[in-house]
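Residue numbers (the working numbering): 7 to 222.
Shown next, in the form of structure tokens:
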């Protein structure tokens, strides 16, 4: 009985990691579509969001079944509880990728109001954070989870820098207000994605050690 439960728990972790891979890919393609002004890639992100929603519902159902049928002990229950929270963060990461893709469709026919340097860097950092938060989850790695906080600070700083630069552009040329504001939203969405990664890190620490902390 215990062996079967542990196998189910391992399958649950694998499903969460697979969902994480899709979320990371969605962010990557969304920002690529922005950089390349590629409407096809943007629509790929939007159309693919249903997959993440379906995975969230399936994993949630599996978690509830494990709790109801197996009556897990405290440590195992923390894994399942963390999993339920993590899939919510992953689904919201996917939603933010869709938000970015929708902005791309609004401005793909026009040149960018500024060279895109910091936004792709924010995307790289955010994707690395998602990846490492999930590695921490799979490996019960508290130190890796705790390390996400410093990178979140970097993303926050880049977001502030992007906003300052875009505000200067708006002041110099008010005609660029709409697209500059859209890029501010993109940076804000990437900052939120990084926040979701730190949320996952916090779930990992709770899962492994039973303590609730804030790392962002």
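Backbone N, C-alpha and C fix where the C-beta goes; we use that ideal spot for every residue, glycine too. Model, not experiment: these values are computed from the prediction.
Relative to the alpha-carbon of residue 78, which residue among 10, 215, 210 has its alpha-carbon at the smallest distance? 10
Report, in whole angstroms, the separation of the C-beta atoms of residue 161 and residue 104, which I expect to be a contact under 8 angstroms. With 8 angstroms as the limit, residue 161 and residue 104 do not qualify as a contact, their Cβ atoms being about 19 angstroms apart.
Please report the distance separating the alpha-carbon of residue 186 from that of residue 32. Annotation: residue 186 to residue 32 spans about 23 angstroms, alpha carbon to alpha carbon.
Can at least three beta-carbon pairs, one atom from the segment 128-137 and one from the segment 17-34, be found at a separation below 8 angstroms? yes
According to the neighbour-count rule (16 or more other Cβ atoms, all chains shown, within 10 Å of its Cβ), is residue 63 buried or exposed? exposed
Among 124, 126, 207, which residue has its Cα nearest to the Cα of residue 147? 207
Spatial neighbours of residue 69 within its chain, please: CB distance less than 6 angstroms, with the 5 preceding and 5 following residues excluded, ordered by chain position. Contacts found: 86, 89, 90.
Considering only residues of the same chain and omitting the five flanking positions on each side of residue 217, which have a CB-CB separation below 7 angstroms? 211
Consult DSSP for residue 179 and reduce its assignment to one of helix, strand or coil. coil
For residue 13, does the count of other Cβ atoms within 10 angstroms reach 16, so buried, or fall short, so exposed? Exposed is the label assigned to residue 13, since fewer than 16 other Cβ atoms lie within 10 Å of its Cβ.
Rounded to the nearest angstrom, what separates residue 98 and residue 180 at their Cα positions? 33 angstroms
CA-CA distance, residue 2 and residue 168? This structure cannot speak to residue 2, because the chain is shown only from 7 to 222.
If you count every other CB in all the chains shown that lies within 10 Å of the CB of residue 173, and 16 or more means buried, which is it? exposed
Leaving aside the five residues before and after residue 45 along the sequence, list all residues of the same chain whose C-beta is less than 8 angstroms from its C-beta, in chain order. Excluding the 5 residues flanking it on each side, residue 45 has same chain C-beta neighbours closer than 8 angstroms at 39, 110, 111, 114, in chain order.
Do you know how far the Cα of residue 219 is from the Cα of residue 142? Answer to the nearest angstrom: the Cα atoms are 15 angstroms apart.
Continuous alpha helix (DSSP H) stretch holding residue 12: start and end: 8-42
Whole-number beta carbon distance between residue 95 and residue 205, since they are thought to touch under 8 angstroms: 5 angstroms
Roughly how many whole angstroms lie between the Cα atoms of residue 127 and residue 81? One alpha carbon belongs to residue 127, the other to residue 81, and they sit about 37 angstroms apart.
Given a threshold of 16 other Cβ atoms within 10 Å of its Cβ, counted over all protein chains shown, does residue 16 qualify as buried or as exposed? exposed
Are the CB atoms of residue 125 and residue 184 within a distance shorter than 8 angstroms? no
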